[in-house]
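Peer 1:
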Amino acid sequence: MLPNLNCFSLKSYFQFQQYEQIPLLLRRMPYLKHVTLYLCIKDRNRIIDGTCVQNDILVHIPQLHSLTFYVSSYIDIRDLSHDLSREHIQQTLINIGQQNAATTVNYLSMYTAECSIFSLPFAFDYLPCLGNIFPNIVFNYVTYLLVEDNDGFKHEFFVRIARSFPLLKYLRIFNIEPQVLADMKLSSDHSQSYSMIEYPHLTSLDVSHGHQDYLEQFLNETKAYVPCLTELKALYLRLKIVTNNFTREETRRNCAKVKQLIFFEQLDNVQDYYHYFPLL
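Just so it is clear: in the sequence shown, position 152 is 454 by my numbering, and no numbers are missing.
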């Protein structure tokens, strides 16, 4: 028992299985007034929702004044007897008095889904999983973001990312599906016309686990402007295609400040990209 402790913070950025240890730990601190939790839970047969927060956390700390939290659950949807409903999960938060909270549900594959619940405003700088559907809010403190979905991303998705994450510095894209083309006006050369998106603080982009369309999305200066991009992780062959053998003018400007280029293939004396990345 820790009767004199009134503030407690626990952050785990790695997925772990021992969620049951969290309520046991909190039972030893019944007089807490301020709690911060950042948890990524895996291999469960049910999600962590508002009902779990009430029964596993709040009931053990009755004098609590503030709860700041982000809880992410990774589950095998084959074990579920019902579909995941963001509206239902959101209602469980409202039922326990957490009106200033939000929910996301993201299908990562045929068998895996991720559900997040978090207090608002979002108080953390790290968001490890975000899909096509997310609340229309601004994440003012997030600098690291991983986007992942079972369905392809649209250009409009990246427009929303730029608006919702104004301080974004590190972006990882996990999506092997091609970019979804929205209904857009055609220019005179019959190519689709996109609005250009600016990411003023983005310094690191990892597209090594993403379709080459997303490399195109960020390197093509007609689609994106990344003036601070200094680190790029990609597959060499995809980068070669997108840049047209490192000769394409539309992708040259966004590559100009890259100082670290990380490939995940073994390359034998390949140096044809050095002139395209002058700061390497």
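Each residue gets a CB set at the ideal place from its N, CA and C atoms; glycine is no exception.
Once the 5 residues before and after Asn522 are set aside, which same chain residues still bring their CB inside 7 Å of it?
Peer 2: As a working note, residue 522 is residue 220 in the sequence shown. Result list for Asn522: Glu552 and Thr553, in chain order.
Peer 1: If you draw a straight line from the C-alpha of Ile564 to the C-alpha of Thr532, how long is it?
Peer 2: If you number the sequence shown from 1, residue 564 lands on position 262. If you number the sequence shown from 1, residue 532 lands on position 230. So the alpha carbons of these two residues sit roughly 11 Å apart.
Peer 1: Between the beta-carbon of Glu567 and the beta-carbon of Leu537, is there less than 8 Å?
Peer 2: Reading the sequence shown from its first residue, position 265 is the one you call residue 567. Reading the sequence shown from its first residue, position 235 is the one you call residue 537. It is a contact, given that the beta carbons lie within the stated cut-off.
Peer 1: Considering only C-alpha positions, which residue in the set Pro332, Arg474, Leu422 and Leu328 is nearest to Pro430?
Peer 2: The sequence position of residue 430 within the sequence shown is 128, counting from 1. Out of Pro332, Arg474, Leu422 and Leu328, Arg474 has the C-alpha closest to the C-alpha of Pro430.
Peer 1: Whose CA, out of Asp574, Thr414 and Arg330, lies closest to the CA of Tyr376?
Peer 2: The count along the sequence shown starts at 1 and reaches residue 376 at position 74. Closest by alpha carbon: Thr414.
Peer 1: Judging by CA-CA distance, which residue of Val544, Val572, Val528 and Asp381 is the nearest neighbour of Lys559?
Peer 2: Within the sequence shown, numbered from 1, the residue matching residue 559 stands at position 257. Closest option to Lys559, Cα to Cα, is Val528.
Peer 1: Tell me the DSSP secondary structure of Asn477 in three-state form.
Peer 2: In the sequence shown, the residue the question calls residue 477 occupies position 175. It is a strand residue.
Peer 1: Looking at Leu312 and Lys335, is the spacing between their C-beta atoms short of 8 Å?
Peer 2: Residue numbering aside, residue 335 sits at position 33 when the sequence shown is read from its first letter. Residue numbering aside, residue 312 sits at position 10 when the sequence shown is read from its first letter. Contact flag unset, no.
Peer 1: How would you call Leu386, buried or exposed, if buried means at least 16 neighbouring beta carbons within 10 angstroms?
Peer 2: Residue 386 sits at position 84 when you count from the first residue of the sequence shown. Buried is the call here.
Peer 1: Less than 8 Å between C-beta atoms, sequence neighbours within five positions excluded: which residues of the same chain meet that for Ile600?
Peer 2: The structure shown does not extend to residue 600, since the chain is modelled only from 303 to 582, so the question has no answer here.
Peer 1: Rounded to whole angstroms, what is the Cα-Cα separation between Thr394 and Gly352?
Peer 2: Numbered from its first residue, the sequence shown carries residue 394 at position 92. Numbered from its first residue, the sequence shown carries residue 352 at position 50. When rounded, the distance between both Cα atoms is 5 Å.
Peer 1: Per DSSP, what kind of secondary structure is Lys542 in: helix, strand or coil?
Peer 2: By one-based count along the sequence shown, residue 542 stands at place 240. Helix at Lys542.
Peer 1: May I have a chain-ordered list of the alpha helix (DSSP H) segments no shorter than 4 residues that lie completely inside the segment 357-438?
Peer 2: Within the segment 357-438, the complete alpha helix (DSSP H) runs of at least 4 residues are 388-397.
Peer 1: DSSP three-state label for Asp453, please.
Peer 2: What you label residue 453 is simply residue 151 of the sequence shown in a count that begins at 1. Asp453: coil per DSSP, three-state reduction.
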